[in-house]
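Trainee: My questions will all concern the structure given below.
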Amino acid sequence: KLFPQRISNCGFGRSFTNTFVDYEDYVGPNENALFHVQFSSVFKRGFDCLQQYLKNDVGLFDNFHLDGVSNDDRDHFHALTALRIFLEKLAFHESSLKSSQRNAFDGKREGEIAALLSTHLLSCLVYGNKYLISNTYQKQPSQCPCLNPIQCMEHIPYGETALGHEELWYGHPSIVLIPKDPPDYIPIMVYEEFPNDDDDGVGQERNVKQNNENSTEKCDFESENMHFDMCTEQIFSQAITFAFHRGNAMNDSCVQPVSTLIPSLVLTPSKYYIVMYDYMNDILLSSRHQCCSWWDDSDMKFNMSAVLQMWMVLNYVDFVPGFSQKAEHVLAGSGNFHNILKNKHLFQKTKRIARKSIFNSPQKCRKLINKGVSVDLDEEVQCIKFPSITT
94 KLFPQRISNC GFGRSFTNTF VDYEDYVGPN ENALFHVQFS SVFKRGFDCL
144 QQYLKNDVGL FDNFHLDGVS NDDRDHFHAL TALRIFLEKL AFHESSLKSS
194 QRNAFDGKRE GEIAALLSTH LLSCLVYGNK YLISNTYQKQ PSQCPCLNPI
244 QCMEHIPYGE TALGHEELWY GHPSIVLIPK DPPDYIPIMV YEEFPNDDDD
294 GVGQERNVKQ NNENSTEKCD FESENMHFDM CTEQIFSQAI TFAFHRGNAM
344 NDSCVQPVST LIPSLVLTPS KYYIVMYDYM NDILLSSRHQ CCSWWDDSDM
394 KFNMSAVLQM WMVLNYVDFV PGFSQKAEHV LAGSGNFHNI LKNKHLFQKT
444 KRIARKSIFN SPQKCRKLIN KGVSVDLDEE VQCIKFPSIT T
């Protein structure tokens, strides 16, 4: 599920890691209701694509048989090809990150974690496997630091990933994935599972707490401060900035966007979170109420449901996420970010968001609420009992 968020206040002229964002779950006229939309509804085109592929069998992947493939299926060809190749090498990628005796992430800093995730998960899910890791990390391994160094031998590319505008927000995304068309890139945020005594990387300490030891679900509600909530200011500010940048890139290319809902992805060595922002309708969504693992119950193999979700997010240009008519009507303006920008006479600055630089460390300011009812905007009302959240 993806939950709408409302920003009540925030700081500007700051880096992603040094800003503050006051936010809360967006609720409707009924104060006891917490809205949500289903990922499967937002990425309906992605799920339809998978079903169509299963129906058509592997011929859809064959370059030499595209004559009989519909235009819609042609749009998905590159994404499906990347997924097929990844699944063919799935065991290699899993064993490169974990074995029964070793974990490639143990003792690693964010720069090294970014290299592992890029090589054996993220870049594999986009056609062409191209990516760039921020050159601001102190630890920059030249080759992938995985458990299979001889078989892997992946050279790690580093470079400038900076994005933003000096009067709004700016910073260096951890990873930039580059699909078949360079303007269609997507930034990824990477965090350590547990903070080290001293920090390297983009000048930010990741004060991330361990997942609740009593939790057995692979995607469950947390009773402690979640990984996501420890870094929300950076996550929201970067996701919103990227969405506006994507809109600017489309406008500069004289392309009318099919959808203005733009996703961002957040990863730790075991968890993933999805944030989406509709820069036209001012709707901010996050999966922050759910702590989702991209490992299965054995903790040795990938959770395929998580992999497919990340695959759709990373190939959002092909799968065009969007809202149902009802959800868009109910949630339009719910993010409140447009109002904040206009009140501060900064809205026009969003048109100047581009790939830039400068930044430093964060000051936290969060607001959490505890609601007992979750309203599915695609279906019926669902009751969810949230455990108490302490701050």
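Following the numbering used here, the residues of the sequence shown are numbered contiguously, the last one being 484.
All C-beta atoms in this analysis are idealised placements derived from N, C-alpha and C, irrespective of residue type, glycine included.
Since the structure is predicted, the reported quantities are computational estimates derived from the model, not experimental observations.
Please determine, among C103, H213, T361, the residue with the shortest C-alpha to C-alpha distance to C237.
Mentor: Here the closest residue by C-alpha is H213.
Trainee: At which residues does the alpha helix (DSSP H) containing E203 begin and terminate?
Mentor: First-last of the alpha helix (DSSP H) with E203: 203-210.
Trainee: By the 10 Å Cβ neighbour count, where 16 or more other Cβ atoms means buried, how is I279 classified, buried or exposed?
Mentor: Label assigned to I279: buried.
Trainee: Tell me whether E117 sits in a helix, a strand or coil according to DSSP, three-state version.
Mentor: In the structure shown, E117 sits in a strand (DSSP, three-state: E or B).
Trainee: Give a yes or no on whether 9 Å exceeds the smallest Cβ distance from N222 to chain C.
Mentor: Considering every chain present, this structure includes no chain C. It has just one protein chain.
Trainee: Please tell me whether I226 and N429 are closer than 9 Å, where the distance is taken between their beta carbons.
Mentor: No, the Cβ-Cβ distance between I226 and N429 is not below 9 Å.
Trainee: Rounded to the nearest angstrom, what separates W404 and R107 at their Cα positions?
Mentor: If you take the alpha carbons of W404 and R107, they lie about 31 Å apart.
Trainee: So what's A447 in DSSP terms, helix, strand or just coil?
Mentor: Reduced to three states, the DSSP call for A447 is strand.
Trainee: DSSP three-state label for P238, please.
Mentor: Reduced to three states, the DSSP call for P238 is coil.
Trainee: For G139, is the beta carbon positioned less than 8 Å from some heavy atom of the ligand HEM?
Mentor: The model depicted lacks the ligand HEM and carries no ligand whatsoever.
Trainee: Taking the alpha carbon of N374 as the point to measure from, which residue in V135, T353, Q131, K394 has its own alpha carbon closest?
Mentor: Measuring from the Cα of N374, the nearest candidate turns out to be T353.
Trainee: Can you name, in chain order, every residue of its own chain whose Cβ lies under 8 Å from the Cβ of N241, other than the five neighbours on each side?
Mentor: The residues are F185, S188, S189.
Trainee: If we ignore side chains and look at the alpha-carbon of each, how far apart do D322 and E260 end up?
Mentor: The straight-line gap from Cα to Cα measures roughly 25 Å.
Trainee: DSSP three-state label for V359, please.
Mentor: Three-state DSSP puts V359 in a strand.
Trainee: Please state whether DSSP places A342 in a helix, a strand or coil.
Mentor: Three-state result, A342: helix.
Trainee: Do you know how far the Cα of L173 is from the Cα of Q144?
Mentor: Rounded to whole angstroms, Q144 to L173 spans 12 Å at the Cα level.
Trainee: May I have the straight-line CA-CA distance separating R195 from C239, to the nearest angstrom?
Mentor: When rounded, the distance between both Cα atoms is 10 Å.
Trainee: Out of F395, N344, M282, L147, point me to the one whose CA is closest to R445's CA.
Mentor: Considering only alpha carbons, the answer is N344.
Trainee: In angstroms with no decimal places, state the Cα-to-Cα distance between I367 and Q244.
Mentor: Rounded to whole angstroms, I367 to Q244 spans 32 Å at the Cα level.
Trainee: Please state whether DSSP places D141 in a helix, a strand or coil.
Mentor: Helix at D141.
Trainee: Does DSSP classify V348 as helix, strand or coil?
Mentor: V348: coil per DSSP, three-state reduction.
Trainee: Could you give the distance in angstroms between the alpha-carbon of Q233 and the alpha-carbon of I328?
Mentor: Going by the C-alpha atoms only, they are around 23 Å apart.
Trainee: Here's the rule I'm using: 16 or more other beta-carbon atoms within 10 Å means buried, otherwise exposed. How should G252 be labelled?
Mentor: Classification of G252: exposed, given that the 10 Å Cβ count is below 16.
Trainee: Cα separation between N436 and T443?
Mentor: Taking the straight line from one Cα to the other gives about 14 Å.
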